[in-house]
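The sequence shown begins at 43 in our numbering and counts up one residue at a time.
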Amino acid sequence: MIGLTDDAVLFILQNLSYLWQGLDLAYNYFRRLDPRLLANLPSLRRLDLSGNALDMVVPDAFQNTHALEHINLSRNALTNLHPATFRNLLGLFELDLGWNRLRELVPTLPPGLEYLYASRNQLTALPLTPRLALPALRLLDLTGNGIQSIVPGSMSALVQLRWLLLGENALQTLEDGSLSGLARLETLDLHNNRLLTLGDRCLRDVPQLKQLNLHGNRLERLGTQHLKDNVHLTHLDLSHNQLNNIEHNALSSNRYSTRTYPY
């Protein structure tokens, strides 16, 4: 940690070169992010403000940093974000909002965003916003929230999604259509939820699925229809469930390993 007051940091930043591309202010004591902090850093591409005490990001905080590609606001005290916060950051590639207190995500994220981390917040349902339209998104991490349900079709605009991490939530079922539109999904992590049942065709919409983690749920049955369309599946974790029946041929169309695998 640096032993500087907010005003001292502002003075230094306001006199920095316009050519700075990276700024690491992690694990300090910032409580508010406003335009003054980043006023003279138009070339900034990477910003790390993780581990501070931020409870407010002023809507125009990033008005002078249009070149930003990576922002880390994890491990702060954010409860909400204004819809305009990231709107003009058209080059934003990666956003980490994990370990905050968010109950919903900002509804207008840049369409070019590819990696979104929102683990350990207070999100309770999908969709996360009225319209989660992120056509370039490849990874969505929602681990450790309180998500109880997925509205069928709510992620249909995430056409490039490869990794969907929903472990340690409160899902009790995965309905048919919950994953519609995710034709390129390769990794689905649902470990340590409360899953009792799976819709017979809930995985039909993810034909490219390679890794499926169902560890630590309450599943009692795996039927022949569940994995019928997942011919690319290579890793399947069903450990620590309540299985008493795997139907004949339920696993026959897949070449998978049942070993537990890390994420």
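Heads up, the beta-carbon is just placed ideally off N, CA and C, and yes, glycines get one too.
Open item on the list: Rounded to whole angstroms, what is the Cα-Cα separation between L139 and N114?
Closed with: Taking the straight line joining both Cα atoms gives about 7 Å.
- [ ] Tell whether a beta-carbon distance below 7 Å holds between V148 and T127.
- [x] Yes; because the gap between Cβ atoms is below 7 Å, this pair is in contact.
Task: Exposure label - H290; buried when at least 16 CB within 10 Å - done: Burial call: exposed.
TODO: Measure the CB-CB distance between W141 and R180 and report whether it falls below 7 Å.
DONE: Going by beta carbons, W141 and R180 fall outside the 7 Å limit.
- [ ] Jot down the residue ranges of each uninterrupted beta strand (DSSP E) in the segment 177 to 242, minimum 3 residues, whole runs only, in chain order.
- [x] DSSP runs (the beta strand (DSSP E)) wholly in the segment 177 to 242: 181 to 183, 205 to 207 and 229 to 231.
Task: Where L254 sits in the DSSP three-state scheme - done: DSSP places L254 within a strand segment (E or B) once states are collapsed to three.
Open item on the list: Only counting the same chain, and skipping five residues up and downstream in sequence, which positions put a Cβ closer than 7 Å to that of A212?
Closed with: In its chain, beyond the 5 residues on either side, G188, I189, Q190, N235 and R236 have a beta carbon closer than 7 Å to the beta carbon of A212.
TODO: Kindly give me the distance between the Cβ atoms of G64 and R87, rounded to whole angstroms, as I take these residues to be in contact under 8 Å.
DONE: Between G64 and R87 the beta-carbon gap is near 7 Å, inside 8 Å, which marks them as a contact.
Task: L200 vs L216 beta-carbon contact at 7 Å - done: L200 is not a Cβ neighbour of L216, given a cutoff of 7 Å.
Open item on the list: Considering only DSSP beta bridges, list what Y157 is partnered with.
Closed with: Y157 is bridged by DSSP to E136 and L181.
Open item on the list: Quick check on the burial criterion: 16 or more other C-beta atoms within 10 angstroms. Buried or exposed for Y210?
Closed with: In the sequence on display, residue 210 carries Glu and not Tyr. Buried: at least 16 other Cβ atoms inside 10 Å.
Open item on the list: Using only the alpha-carbon positions, how far apart do V248 and F72 sit?
Closed with: Those two C-alpha atoms are separated by around 42 Å.
Task: N272 to L151 span [Cα, whole Å] - done: So the alpha carbons of these two residues sit roughly 31 Å apart.
- [ ] Assign R263 to one of three DSSP states: helix, strand, or coil.
- [x] It is a strand residue.
TODO: Please name the residue or residues paired with A167 in a DSSP beta bridge.
DONE: The partner list for A167 (beta bridge, DSSP) reads S191.
Open item on the list: Do T107 and L83 have their beta-carbon atoms positioned less than 7 Å apart in this structure?
Closed with: Yes, they are a contact pair.
Task: Straight-line gap, M197 to L238 (C-alpha atoms, nearest Å) - done: Rounded to whole angstroms, the gap between the alpha carbons of M197 and L238 is 22 Å.
Open item on the list: Going by C-alpha to C-alpha distance, which of E136, R226 and W62 sits closest to L275?
Closed with: Checking every option, the nearest Cα to that of L275 belongs to R226.
Open item on the list: Is the beta carbon of L207 closer than 7 Å to that of D242?
Closed with: No, they are not a contact pair.
- [ ] Spatial neighbours of D218 within its chain, please: CB distance less than 6 Å, with the 5 preceding and 5 following residues excluded, ordered by chain position.
- [x] So the list reads G241, R243 and C244, once near-sequence residues are dropped.
Task: DSSP three-state assignment for R87, whether helix, strand or coil - done: Under the three-state reduction of DSSP, R87 is assigned to coil, being neither helix nor strand.
Task: Segment limits, beta strand (DSSP E) that includes A64 - done: For clarity, residue 64 is Gly in the given sequence; the question names Ala instead. Note, G64: beta strand (DSSP E), G64 to D66.
TODO: Return helix, strand or coil for R78, following the three-state DSSP convention.
DONE: Here R78 sits in helix by DSSP.
Task: Candidates R204, Q253, V193 and A119, of which the one nearest L158 by Cα - done: Considering only alpha carbons, the answer is R204.
Task: Sequence-distant residues of the same chain with beta carbon closer than 6 Å to L293, five excluded per side - done: Around L293: no qualifying Cβ.
- [ ] Please go through the same chain and pick out, in chain order, the residues whose beta-carbon is closer than 8 Å to the beta-carbon of E111, but skip the five residues on each side of it.
- [x] Within the same chain, E111 has close Cβ partners R87, R88, G133, L134, F135 and E136.
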